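Worksheet for the structure shown next.
Protein chains: 2
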Amino acid sequence: MSKVLSTNPVTGTASALGFDETSAEEVAQMGRRSLGASSLFATRSLEWRAGLLEALANALDEGASDIIATAMEETGLAEGRLAGELRRTSFQFRFFSSVVRDGGFLEASIDHAADSPMGPLPDLRRQLEPLGPVAVFGASNFPLAFSVPGGDTASALAAGCSVITKAHPAHPKTSLLCFRALRDAATAQGAPDGLLECVFGLEAGLALVDDVNVRAVGFTGSYRAGRLLFDRTQARTVPIPFYGELGSVNALVVTAPAASARASEIGPAMVASVTLGAGQFCTKPGLLFVPSGRDGDGLVESARQAMTAVSGATMLSSAIRDHYDAGVTALLATPGVELLARGAVGPGPSGAGAVLLEIALDTLRGPGASVLDTECFGAVAVVVRYGDDGDLFEVLKNLEPALTFTVHAESDDELGPSLINLGRQLAGRVIVNGYPTGVGVSWSMHHGGPHPATTSPLHTSVGATSIRRWLRPVSYQSVPDSWLPESVQEDNPLGIVRRVDGRLRS
Amino acid sequence: MSKVLSTNPVTGTASALGFDETSAEEVAQMGRRSLGASSLFATRSLEWRAGLLEALANALDEGASDIIATAMEETGLAEGRLAGELRRTSFQFRFFSSVVRDGGFLEASIDHAADSPMGPLPDLRRQLEPLGPVAVFGASNFPLAFSVPGGDTASALAAGCSVITKAHPAHPKTSLLCFRALRDAATAQGAPDGLLECVFGLEAGLALVDDVNVRAVGFTGSYRAGRLLFDRTQARTVPIPFYGELGSVNALVVTAPAASARASEIGPAMVASVTLGAGQFCTKPGLLFVPSGRDGDGLVESARQAMTAVSGATMLSSAIRDHYDAGVTALLATPGVELLARGAVGPGPSGAGAVLLEIALDTLRGPGASVLDTECFGAVAVVVRYGDDGDLFEVLKNLEPALTFTVHAESDDELGPSLINLGRQLAGRVIVNGYPTGVGVSWSMHHGGPHPATTSPLHTSVGATSIRRWLRPVSYQSVPDSWLPESVQEDNPLGIVRRVDGRLRS
Numbered sequence: 010m011s012k013v014l015s016t017n018p019v020t021g022t023a024s025a026l027g028f029d030e031t032s033a034e035e036v037a038q039m040g041r042r043s044l045g046a047s048s049l050f051a052t053r054s055l056e057w058r059a060g061l062l063e064a065l066a067n068a069l070d071e072g073a074s075d076i077i078a079t080a081m082e083e084t085g086l087a088e089g090r091l092a093g094e095l096r097r098t099s100f101q102f103r104f105f106s107s108v109v110r111d112g113g114f115l116e117a118s119i120d121h122a123a124d125s126p127m128g129p130l131p132d133l134r135r136q137l138e139p140l141g142p143v144a145v146f147g148a149s150n151f152p153l154a155f156s157v158p159g160g161d162t163a164s165a166l167a168a169g170c171s172v173i174t175k176a177h178p179a180h181p182k183t184s185l186l187c188f189r190a191l192r193d194a195a196t197a198q199g200a201p202d203g204l205l206e207c208v209f210g211l212e213a214g215l216a217l218v219d220d221v222n223v224r225a226v227g228f229t230g231s232y233r234a235g236r237l238l239f240d241r242t243q244a245r246t247v248p249i250p251f252y253g254e255l256g257s258v259n260a261l262v263v264t265a266p267a268a269s270a271r272a273s274e275i276g277p278a279m280v281a282s283v284t285l286g287a288g289q290f291c292t293k294p295g296l297l298f299v300p301s302g303r304d305g306d307g308l309v310e311s312a313r314q315a316m317t318a319v320s321g322a323t324m325l326s327s328a329i330r331d332h333y334d335a336g337v338t339a340l341l342a343t344p345g346v347e348l349l350a351r352g353a354v355g356p357g358p359s360g361a362g363a364v365l366l367e368i369a370l371d372t373l374r375g376p377g378a379s380v381l382d383t384e385c386f387g388a389v390a391v392v393v394r395y396g397d398d399g400d401l402f403e404v405l406k407n408l409e410p411a412l413t414f415t416v417h418a419e420s421d422d423e424l425g426p427s428l429i430n431l432g433r434q435l436a437g438r439v440i441v442n443g444y445p446t447g448v449g450v451s452w453s454m455h456h457g458g459p460h461p462a463t464t465s466p467l468h469t470s471v472g473a474t475s476i477r478r479w480l481r482p483v484s485y486q487s488v489p490d491s492w493l494p495e496s497v498q499e500d501n502p503l504g505i506v507r508r509v510d511g512r513l514r515s
Numbered sequence: 010m011s012k013v014l015s016t017n018p019v020t021g022t023a024s025a026l027g028f029d030e031t032s033a034e035e036v037a038q039m040g041r042r043s044l045g046a047s048s049l050f051a052t053r054s055l056e057w058r059a060g061l062l063e064a065l066a067n068a069l070d071e072g073a074s075d076i077i078a079t080a081m082e083e084t085g086l087a088e089g090r091l092a093g094e095l096r097r098t099s100f101q102f103r104f105f106s107s108v109v110r111d112g113g114f115l116e117a118s119i120d121h122a123a124d125s126p127m128g129p130l131p132d133l134r135r136q137l138e139p140l141g142p143v144a145v146f147g148a149s150n151f152p153l154a155f156s157v158p159g160g161d162t163a164s165a166l167a168a169g170c171s172v173i174t175k176a177h178p179a180h181p182k183t184s185l186l187c188f189r190a191l192r193d194a195a196t197a198q199g200a201p202d203g204l205l206e207c208v209f210g211l212e213a214g215l216a217l218v219d220d221v222n223v224r225a226v227g228f229t230g231s232y233r234a235g236r237l238l239f240d241r242t243q244a245r246t247v248p249i250p251f252y253g254e255l256g257s258v259n260a261l262v263v264t265a266p267a268a269s270a271r272a273s274e275i276g277p278a279m280v281a282s283v284t285l286g287a288g289q290f291c292t293k294p295g296l297l298f299v300p301s302g303r304d305g306d307g308l309v310e311s312a313r314q315a316m317t318a319v320s321g322a323t324m325l326s327s328a329i330r331d332h333y334d335a336g337v338t339a340l341l342a343t344p345g346v347e348l349l350a351r352g353a354v355g356p357g358p359s360g361a362g363a364v365l366l367e368i369a370l371d372t373l374r375g376p377g378a379s380v381l382d383t384e385c386f387g388a389v390a391v392v393v394r395y396g397d398d399g400d401l402f403e404v405l406k407n408l409e410p411a412l413t414f415t416v417h418a419e420s421d422d423e424l425g426p427s428l429i430n431l432g433r434q435l436a437g438r439v440i441v442n443g444y445p446t447g448v449g450v451s452w453s454m455h456h457g458g459p460h461p462a463t464t465s466p467l468h469t470s471v472g473a474t475s476i477r478r479w480l481r482p483v484s485y486q487s488v489p490d491s492w493l494p495e496s497v498q499e500d501n502p503l504g505i506v507r508r509v510d511g512r513l514r515s
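Protein chains in written order, with this note's numbering: chain W, 10 to 515; chain Y, 10 to 515.
Here it is in structure tokens:
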């Protein structure tokens with residue numbers, strides 16, 4: 010087996026972590042342990058589960074300085090950014106402990122025996138139950154919030170599932186550190202052995218999605234890798250749900266009234282969103298629709314100036330930087346695309362410079378069409394100048410689905426409602442007068458979208474309802490009260506909101 | 010193209026319906042019409058949608074005598090059974106109109122702008138929205154309740170989706186009659202053109218699951234056909250959700266105390282469940298675990314007598330009857346399997362006789378193992394005689410997942426809780442002291458199960474929550490109130506239950 014290596018993207022130095030990539034046999038062992046752990050975990054109370062999630066949050070906070078220092082070395086991300094990401098990551102565990110205590114996620118429902126037009130119906134009670142072992146593939150761009158200790162892990166544990174994480178090769182040391190912090194905290198809480206496992210290496214990842222004991226997969230990453238793993242899970246003898254959050258080309262539209270009213274505000278803010286974290290966000294706005302004419306010109310000029318002033322960044326790895334450079338080169342070679350501005354290039358073998366491009370909307374319906382569906386991971390965006398609103402809508406209607414759709418409009422803007430209506434069909438989140446790069450953890454967040462943004466349009470990878478991915482319904486017919494799960498026992502010992510005879514009751 | 014033929018399974022007579030199977034070009038046209046209809050349908054109010062569902066229910070009731078007479082000719086099912094199935098089918102539309110009016114299915118959620126450990130969060134609102142055109146493949150065994158006018162169609166319309174049904178070749182005339190009744194009623198309500206479409210023929214069905222405008226598929230039928238279509242949907246350039254309800258080998262366990270207390274009641278009742286509708290139910294109990302010893306002997310003897318008295322039935326088609334006969338022959342040829350009883354054979358080319366078999370549990374761990382996962386569609390079941398409870402659990406633990414798991418136990422039965430706990434891991438519905446063949450339409454019903462029972466363990470094909478299959482989340486960030494969908498506008502114009510700042514409120 011190959012040694013696991015940790016690479017510093019700023020210096021290019023690689024160092025061995027002192028152990029080999031996980032073997033197929035070890036993966037199979039972990040799968041069996043994970044299955045055993047999931048059975049035991051399912052017998053613990055919701056209160057115990059909520060306490061476990063809090064203990065995991067505390068462990069991450071306690072390990073913060075080590076974790077952040079290690080992640081800085083491996084990812085080139087700045088301390089402030091990683092400290093913020095760690096706060097988000099531990100908050101996510103605490104948030105899910107509140108989701109568990111709330112109990113609404115169980116969708117508990119009771120229908121007492123009754124007559125119906127179909128004849129007498131028996132007593133029937135339903136709740137959602139954990140699927141079993143879940144595999145989680147961490148993303149490169151969020152070494153904490155979407156990786157080993159990320160939202161997929163937190164939501165799967167909240168659902169009552171055991172978790173086997175796959176460490177991302179761009180930050181194996183950070184992954185190991187986080188995994189140990191979580192596992193040790195779980196052990197200290199008395200969690201069953203095998204509740205958390207972690208594999209390293211590409212082959213181990215493939216063995217994991219094939220493993221007979223794995224019941225679902227969470228993945229955040231590129232379309233190419235995601236589709237490959239998706240296809241693999243669907244071709245299994247027993248196919249399993251694959252939740253791939255794959256990124257997208259996110260559109261941002263500025264209406265003429267908005268450009269007229271806020272050109273000097275929107276231009277720099279839009280560039281800030283494009284270049285945040287070296288553009289390494291799946292929600293980065295990649296297509297910026299700006300009206301032609303004087304107001305649009307002013308907005309583009311302020312964006313151009315902002316982009317020129319952007320300081321150089323270090324990307325997550327030299328491979329990712331090379332991919333970014335190739336993407337920018339391809340965009341620049343597309344007929345009709347012009348260079349508007351370049352930022353400074355960051356230091357080291359993963360250093361990159363942000364780029365702002367421009368194209369006329371008319372060109373998009375001809376030779377420049379490929380610009381519309383080319384996601385380039387990194388700090389590049391294409392300004393699309395449009396004249397006629399009808400032409401704008403014609404192009405927008407044919408965009409590929411995406412994670413987000415952003416509209417800048419004035420309150421009396423005639424285009425507002427139709428842009429919202431278009432956005433809801435194209436994307437998972439519609440934003441007005443803001444920027445898509447912030448993805449808050451809350452009850453109402455949806456982070457997902459139709460294919461190719463995700464492989465599963467029905468579910469979110471962020472927020473309270475992401476727990477639904479790891480749960481399946483079970484109905485109990487005429488089961489004696491004392492044999493029922495507490496959630497659906499008659500006197501509601503958990504004190505949760507339930508649907509009783511068709512009506513929600515607290 | 011081939012002519013569409015309607016065959017009478019009692020007489021074997023086939024007659025042409027006077028039109029050809031649907032061509033690939035016609036399917037593509039329907040897909041485009043359906044997409045257009047789904048966009049228009051999404052703009053109608055929930056109240057209008059609820060009214061539409063009621064009108065469709067009324068249309069089925071009004072057409073009852075024609076529909077039932079036609080279905081009798083095509084399926085060999087009795088008038089009483091079909092009249093009951095039609096009542097269930099129109100009830101299903103009315104039930105979903107109440108689900109639509111309730112509005113809880115939208116999962117409307119509002120998070121007002123607030124501070125968080127991640128910094129300030131913007132105003133965020135979420136609801137579920139229709140996926141778009143849905144393809145529905147009708148099942149052979151329920152020409153109404155799980156076919157063109159069945160639960161998939163009703164729940165998809167309730168979700169706000171347009172529907173293209175695929176008529177089952179075992180009842181094309183019934184399908185056409187029901188389709189016309191629904192479509193004409195929809196037109197009379199002012200529904201958009203193309204809201205309901207119907208295709209005929211195998212090739213048309215394949216074209217339908219490949220169609221670029223189809224967003225999801227509902228299917229009820231055999232594992233073989235279901236898996237083929239599932240694979241096809243997952244291999245599309247844009248994969249789509251495929252909800253296949255594929256049937257299963259359903260276990261029923263009688264504990265020793267239950268056999269002791271209720272042998273003469275359980276024996277005949279269990280046979281009645283096996284032979285209901287010629288055994289053509291995906292929930293038919295196929296494995297009947299009965300204790301050895303005197304109480305078990307008494308139970309088996311009463312079952313044997315009941316089976317001997319079962320009158321002959323006509324199956325849905327001669328092909329299905331041939332398949333049933335082959336299945337029984339294979340079971341009889343399995344080492345250790347013995348014939349307990351045969352019922353009379355029904356008339357005509359699709360006539361069949363019910364069969365009760367027996368095997369000792371020990372044999373199942375050796376040469377008779379294949380009995381455990383051989384679903385035989387039709388009125389056959391295998392009685393498994395067990396001695397030791399530990400041996401019983403060892404076999405049960407390794408059963409293939411199923412739609413249902415049934416336990417007959419006494420109230421102070423020591424095995425009760427552990428059997429329930431096993432059942433919830435194996436199946437979608439756990440039944441105590443009842444029979445699995447009735448599947449009521451209600452809020453708490455779950456009709457589904459882990460693979461191979463279904464292709465999607467997360468969702469049900471019956472009951473209120475089956476609507477969730479056709480919905481995707483959309484979040485609205487900082488969108489002005491008047492541009493929001495009504496469900497998430499601040500003053501709650503729909504008057505529905507919503508989660509506001511994390512708390513459910515009505």
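Ideal Cβ positions, reconstructed from N, Cα and C, are used throughout, including at glycine.
Remember, predicted model here, so these are calculated numbers, not experimental data.
Task: Identity of the residue in W:V441, W:S465, W:V471 and W:S11 nearest T242 (chain W) by Cα - done: Shortest Cα-Cα distance from T242 (chain W) to any of W:V441, W:S465, W:V471 and W:S11 involves W:S465.
TODO: For the alpha helix (DSSP H) containing C385 (chain W), list its first residue and its last residue.
DONE: C385 (chain W): not part of any alpha helix (DSSP H); DSSP gives it neither H nor E.
TODO: Ignore the nearest five residues each way along the sequence and tell me which others in Y252 (chain Y)'s own chain have a CB closer than 8 Å to its CB.
DONE: Cβ within range, chain order: D161, A225, V226, G227, F228, T463, T464, S465, H468, S470 and R478.
Task: Contacting positions in the segment 94 to 114 of chain Y - beta carbon closer than 7 Å to chain W - done: Cβ contacts with chain W come from R96, R97, F100 and G113.
Task: Buried versus exposed, by CB contacts within 10 Å (16 or more), D421 (chain Y) - done: Exposed, since its Cβ has fewer than 16 Cβ neighbours within 10 Å.
Open item on the list: Could you check whether L191 (chain Y) and L65 (chain Y) sit closer than 7 Å to each other, using their CB atoms as the reference points?
Closed with: Yes, Cβ-Cβ distance for L65 (chain Y) and L191 (chain Y) is below 7 Å.
TODO: Measure the alpha-carbon distance for E409 (chain Y) versus S320 (chain Y) and round it to whole angstroms.
DONE: If I take the Cα positions, the gap works out to 31 Å.
Open item on the list: Could you compute how far the alpha carbon of V172 (chain Y) sits from the alpha carbon of K12 (chain W)?
Closed with: Going by the C-alpha atoms only, they are around 54 Å apart.
Task: Residue-level contact to chain Y via CB, S496 (chain W), 7 Å cutoff - done: So no, S496 (chain W) is outside the interface.
- [ ] Output the distance between the C-alpha atoms of S484 (chain W) and P459 (chain Y), rounded to the nearest integer angstrom.
- [x] S484 (chain W) and P459 (chain Y) have their C-alpha atoms roughly 13 Å apart.
TODO: Show which residues of chain W have a CB atom less than 8 Å away from the CB atom of G425 (chain Y).
DONE: Chain W residues near G425 (chain Y): P489 and W492.
Open item on the list: Less than 6 Å between C-beta atoms, sequence neighbours within five positions excluded: which residues of the same chain meet that for T317 (chain Y)?
Closed with: So the qualifying residues of the chain are A350.
Open item on the list: Quick check on H455 (chain W) - is its C-beta less than 7 Å from some C-beta in chain Y?
Closed with: Nearest CB-CB separation between H455 (chain W) and chain Y: below the 7 Å threshold.
Task: Option nearest L401 (chain Y) by Cα separation, candidates Y:S301, Y:L480 and Y:G357 - done: Between L401 (chain Y) and the set Y:S301, Y:L480 and Y:G357, the nearest pair of CA atoms involves Y:S301.
Task: Rounded straight-line distance, which links the Cα of V509 (chain Y) to that of I440 (chain W) - done: Rounded to the nearest angstrom, the two C-alpha atoms are 19 Å apart.
Task: Local Cβ density within 10 Å of G141 (chain W), reported as buried at 16 or more and exposed below that - done: Buried, since its Cβ has 16 or more Cβ neighbours within 10 Å.
- [ ] Please work out which residues of its chain come closer than 8 Å, Cβ to Cβ, to A92 (chain Y), disregarding the five sequence neighbours upstream and downstream, and give them in chain order.
- [x] Short of 8 Å from the beta carbon of A92 (chain Y), and not among the five residues preceding or following it, lie these beta carbons of its own chain, in chain order: A73 and I77.
Task: Whole-angstrom distance between L296 (chain Y) and A369 (chain Y), CA atom to CA atom - done: When rounded, the distance between both Cα atoms is 12 Å.
TODO: Please state whether DSSP places K293 (chain W) in a helix, a strand or coil.
DONE: Note: K293 (chain W) maps to coil in three-state DSSP.
Open item on the list: Which residue wins for smallest C-alpha separation from L130 (chain W), given the options Y:R514, Y:N501, Y:P131 and Y:Y444?
Closed with: It is Y:Y444.
- [ ] Could you tell me which uninterrupted beta strand (DSSP E) segments, each at least 3 residues in length, are contained entirely in the segment 211 to 287 of chain W, listed from first to last along the chain?
- [x] Every beta strand (DSSP E) stretch that sits fully inside the segment 211 to 287 of chain W and reaches 3 residues is listed by chain position as 225 to 229, 251 to 254 and 259 to 263.
Task: Identity of the residue in W:V354, W:A315, W:E347 and W:E83 nearest D334 (chain W) by Cα - done: Of the candidates W:V354, W:A315, W:E347 and W:E83, the one whose C-alpha sits nearest the C-alpha of D334 (chain W) is W:V354.
TODO: Would you mind listing the beta strand (DSSP E) stretches within the segment 43 to 79 of chain W that are 3+ residues and don't spill past its ends, in chain order?
DONE: Those beta strand (DSSP E) runs which fall completely within the segment 43 to 79 of chain W and span 3+ residues do not exist here.
Open item on the list: Going by DSSP, what residue range makes up the beta strand (DSSP E) through F114 (chain Y)?
Closed with: Run containing F114 (chain Y): none; DSSP gives neither H nor E here.
Task: Identity of the residues DSSP links to F414 (chain Y) by a beta bridge - done: Under DSSP, F414 (chain Y) shares a beta bridge with Y:A260 and Y:V439.
Open item on the list: Once the 5 residues before and after D219 (chain W) are set aside, which same chain residues still bring their CB inside 8 Å of it?
Closed with: Correct list, in chain order: R241 and R245.
Task: Nearest-angstrom Cα separation, counted from P277 (chain Y) out to Q314 (chain Y) - done: Their Cα atoms are separated by approximately 8 Å.
TODO: Would you mind giving the Cβ-Cβ distance between G437 (chain Y) and H456 (chain Y), rounded to the nearest angstrom? I have them listed as a contact below 8 Å.
DONE: Confirmed, Cβ separation roughly 7 Å.
- [ ] Measuring only between beta-carbons, confirm whether R135 (chain Y) sits less than 7 Å from chain W.
- [x] It does: the Cβ of R135 (chain Y) has a partner Cβ on chain W nearer than 7 Å.
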